[in-house]
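Numbering-wise (my numbering), the sequence shown opens with residue 146 and increments by one. Here a beta-carbon is modelled for each residue, glycine too, at the ideal position from N, C-alpha and C. See structure below.
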Amino acid sequence: MRNPLLVPDLRELIQSGEVAALREFIEDQHPGRTAELIEDLEAEDGDSLFRILLPRDRAEVLSYLDTESQNRIVEAMPPQEAAELLHHMSHDERADLVNRLDEEFVDVVLPHLAQAEREDIRRLASYEPGTAGAVMTTDYVTLPAHITVREALDRLRHEAPDRETIYYCYVVDHNRRLIGFVSLKNLILSRRSALIEDIMQRDVIFGHLDEDQETVARQIDKYDLLALPIIDSTGRLVGIITHDDAMDILRQEQTEDILKFGGVSPDPEADTAPYWQSTVIDVVRRRIKWLLMLFVAENLTYPVLHYYDWMTDNSHFPALVFFIPLMLGTGGNAGSQTVGTIIRGMALGEIKGRDSWRVLLREWLIGLFLGLMLGTAGTLYARYWRGQPWSISIVVGLTLLGICMWANTIGALVPLLARKAGIDPAVISAPFISTLVDATGLVIYFTTAILLLIKMSH
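This is how it looks when you write it as structure tokens:
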């Protein structure tokens, strides 16, 4: 929890140059808490507070800062100081940072790093964005199969300080092909004389280098893993994706889906930015495209109304017009509920391609039951609350039944067809479904009215 009361005191300490007091205060803080304080301060004071940190502490705190603050702070550093910071960062995070920094600045900084570190950064930064390779880290522990548990623990004790995670140790052959893994818990509990090949688990869940990042993140979530090994096309271990990175990926993907579902054009960089760090212009730019498209689509209701304008001479027309907002609202809401449920089921892998007919039948039945209940409520509402004759009230009730069945069917069908066509179902947003159901709902409403009120009266 942020504590704004600390900010004035920190600002006073920074401006008075009391470095010892500041370091003493920061040492007692969690790195994430320190990052919050830096962001709460003015940029100049925040940068001053960051420079007071020790090199290893800087790397930890930087990982909690937003990308804008990270870029500003690092690019203000002398090249050698920035290189030292990169040295202490986790491998995947420093590759991401290098990708965002100014190229000329990076060219000056990288020569201050060891050749192995430079190659590691360039390799990780070269992978296609959105793939497992782009989000993995090369900071992990490997073991050969022929050594004993005692030797493995000695090796682990030596390597652990420089590794991002040691909960899983991956067993590789002489060609670095992944053949198994052993958990830290199993290492501790096994006999010291036991061989790694005798205690390792051979059934390894892994991801591929060019696999979609969301797919591997969902594997970690599904199997409740602390990390997932990533292999190349030859089966060689090239990296791992940790649980915290997987959760970041899922949060980013969910943010994109929510924006698409709400009719907002997703922006890979802006999606992960906090609300207040997106400029008004950026937000307008991302929203206007869909609003214009929906504005055009909403005009579908005009030709429908124009087609039925001959009904204006009918005595029932004024009463029918009164219930148009009810019909449109019910259809839009029912369609939005359905499309949201279907897209969620698809995203979680609960609805597969072979389930299409079952899904359509299920949603049609759901629409039938919902329509019967809402239709009954609508009939009683029109008759007793609005004082309409039974003829109008029955039209309202039957239309609500038809619209609910239609909206549920369309809300399920459109995402299923989108996936079959290779289009992200989330792009078929709730506003789009709502707009489509509005136009078709009017057709259902007036057709029902014509059949029951006009033709039957003759």
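Query	Result
Does the Cβ of H291 have 16 or more other Cβ atoms within 10 Å, making it buried, or fewer, making it exposed?	exposed
Got a sec? Which residues, its chain only, sit under 8 Å from R308 by beta carbon, not counting five neighbours each side?	D284, Y285 and V286
Please state whether the Cβ-Cβ distance between E184 and L210 is less than 8 Å.	yes
Which of the three DSSP states is assigned to I403 in this structure?	helix
Secondary structure at I171, three-state DSSP: helix, strand or coil?	helix
Measuring only the C-alpha atoms, how far is V253 from P224?	6 Å
Taking just the CA atoms, how far does T276 sit from V243?	17 Å
Check each candidate in G384, W509, I344 and R337 and name the one with the smallest Cα separation from H353.	G384
Cα separation between S235 and A228?	13 Å
Whether or not the segment 486 to 496 and the segment 558 to 568 are in contact is what I'm after, with contact meaning three or more pairs of Cβ atoms, one per stretch, closer than 8 Å; do they touch?	yes
Identify every residue that forms a DSSP beta bridge with Q346.	F326
At what residue ranges does the segment 244 to 291 contain a whole run of the beta strand (DSSP E), taking only runs of 3 or more?	286 to 288
Using three-state DSSP, classify T387 as helix, strand or coil.	strand
If you count every other CB in all the chains shown that lies within 10 Å of the CB of Q160, and 16 or more means buried, which is it?	exposed
Can you tell me which of the three DSSP states P153 falls into?	helix
Can you give the Cα-Cα distance for M491 and K497, rounded to whole angstroms?	7 Å
Just the Cα atoms here: how many angstroms apart are L404 and E169?	43 Å
According to DSSP, is P534 part of a helix, a strand, or is it coil?	coil
Is it right to say Q260 is buried, meaning 16 or more other beta carbons lie within 10 angstroms of its own, or is it exposed?	exposed
What alpha helix (DSSP H) runs, 4 residues minimum, are completely inside the segment 513 to 582?	535 to 565
Note down, in chain order, each residue of its chain lying with its Cβ closer than 7 Å to the Cβ of T524, except the 5 sequence neighbours on either side.	S538, I539, V541 and G542
If we count the other Cβ atoms within 10 Å of its Cβ and call it buried at 16 or more, is Q215 buried or exposed?	buried
According to the neighbour-count rule (16 or more other Cβ atoms, all chains shown, within 10 Å of its Cβ), is S338 buried or exposed?	exposed
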